[in-house]
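Student:
See the structure below:
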């Protein structure tokens, strides 16, 4: 593959990621190589959305360091064993309740060891401007009075707690195969979100997560000067022209 093709491919990949309308939904457009069932997401893999770089992973030993990856799960995929994110209505694996299938989409993420205690699910940001709002979905928070499910979601600036919210207590089947959406707004600068399980269940604990959206301070965004489209086009042509010259220079060395 010559350099021009490499530059074009890399540019298309990088430009396609922010075009997910501000939402990371773990569908194929979030990856240059596409999504697939049971794909392990490297803990350093950064999703790019609306100018924010986001990583997902798990802190399994409560030392404040992400040490385990998240895994892509395909909706409705009939894996053997327990490689699933949740059991929906009637025990259907990774199937959203009627009316919610489009919202879940084809993919979401889960912990690497399904239904085992996962520690703290950690979302980290890197952005030029402060992230002041965020939202996401936890799916299938259900249970019974003896074995409940519940999650605590906390927003931090570094290690300083900004705000936290508890999910509904899953002591019935009201959220079976359905999402609970959490949200923060008007915070100073979110750099980290943590999700931990606080229910009474001791086994069969799963996290099914989807549709995450970080939002930067829009007032600051409007103050940032954006290059004219013609300037961006000229810059792109310059990069490709330079790459073309480099390619010709090495053509005799293949």
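Residue numbers (the numbering used here): 273 to 526.
Yeah, the Cβ is synthetic: ideal placement off N, Cα and C, and Gly gets one too.
Values in this document were obtained by computation on a predicted structure and should not be read as measured data.
1. Have a look at residue 365 and residue 350 and give me their C-alpha separation to the nearest angstrom.
2. Going by beta-carbon coordinates alone, are residue 438 and residue 427 separated by less than 7 Å?
3. Take residue 367 and list the residues in its own chain whose beta-carbon comes closer than 6 Å to its own, dropping the five residues that flank it on each side.
4. Please return the same chain residues whose Cβ sits closer than 8 Å to the Cβ of residue 440, not counting the five positions on each side in sequence.
5. Using CA atoms only, rank isn't needed, just tell me which of 485, 380, 467, 400 is closest to residue 308.
6. Using CA coordinates, which residue listed in 297, 358, 355 is at the minimum distance from residue 328?
7. Please confirm whether residue 468 and residue 377 have their CB atoms less than 7 Å apart.
8. Would you decide whether residue 314 is buried or exposed? Buried here means 16 or more other CB atoms lie within 10 Å of its CB.
9. Does the beta carbon of residue 479 come closer than 7 Å to any beta carbon on chain C?
10. Between which two residues does the alpha helix (DSSP H) containing residue 375 stretch?
11. With a threshold of 16 other CB atoms inside 10 Å of the CB of residue 341, please say whether the residue is buried or exposed.
12. Given this structure, state the Cα-to-Cα distance separating residue 343 from residue 461, to the nearest angstrom.
13. Using DSSP with H/G/I as helix, E/B as strand and the rest coil, what is residue 294?
14. What residues in its chain sit with their C-beta under 7 Å from that of residue 358, if we drop five residues either side in the sequence?
15. Within the same chain, show all residues whose beta-carbon is closer than 6 Å to that of residue 339, passing over the 5 residues directly before and after it, in chain order.
16. Please go through the region 405 to 441 and give each complete alpha helix (DSSP H) segment of 4 or more residues, from N-terminal end onward.
17. In three-state terms, what does DSSP make of residue 323?
18. Look at the alpha carbon of residue 355 and the alpha carbon of residue 403, and state the distance between them as a whole number of angstroms.
19. Opposite residue 382 in the DSSP bridges: which residues?
20. Below 7 Å between beta carbons: does that hold for residue 400 and residue 456?
21. Round the Cβ separation of residue 474 and residue 420 to the nearest angstrom and send it over; I've been treating them as touching at under 8 Å.
22. Pick out whichever of 449, 415, 409, 397 has its Cα sitting closest to the Cα of residue 482.
Tutor: Working from what's here:
1. 7 Å
2. no
3. 348, 360
4. 413, 422, 446, 447, 452
5. For the residues 485, 380, 467, 400, the minimum Cα distance to residue 308 belongs to 380.
6. 297
7. no
8. exposed
9. Absent from the structure: chain C. Only one protein chain is present.
10. Note, residue 375: alpha helix (DSSP H), 373 to 376.
11. buried
12. 27 Å
13. coil
14. 366, 411, 412, 478, 480
15. 332
16. none
17. coil
18. 34 Å
19. Paired residue(s): 343.
20. no
21. So it is not a contact: roughly 11 Å between Cβ atoms.
22. Of 449, 415, 409, 397, the residue nearest in Cα terms is 409.
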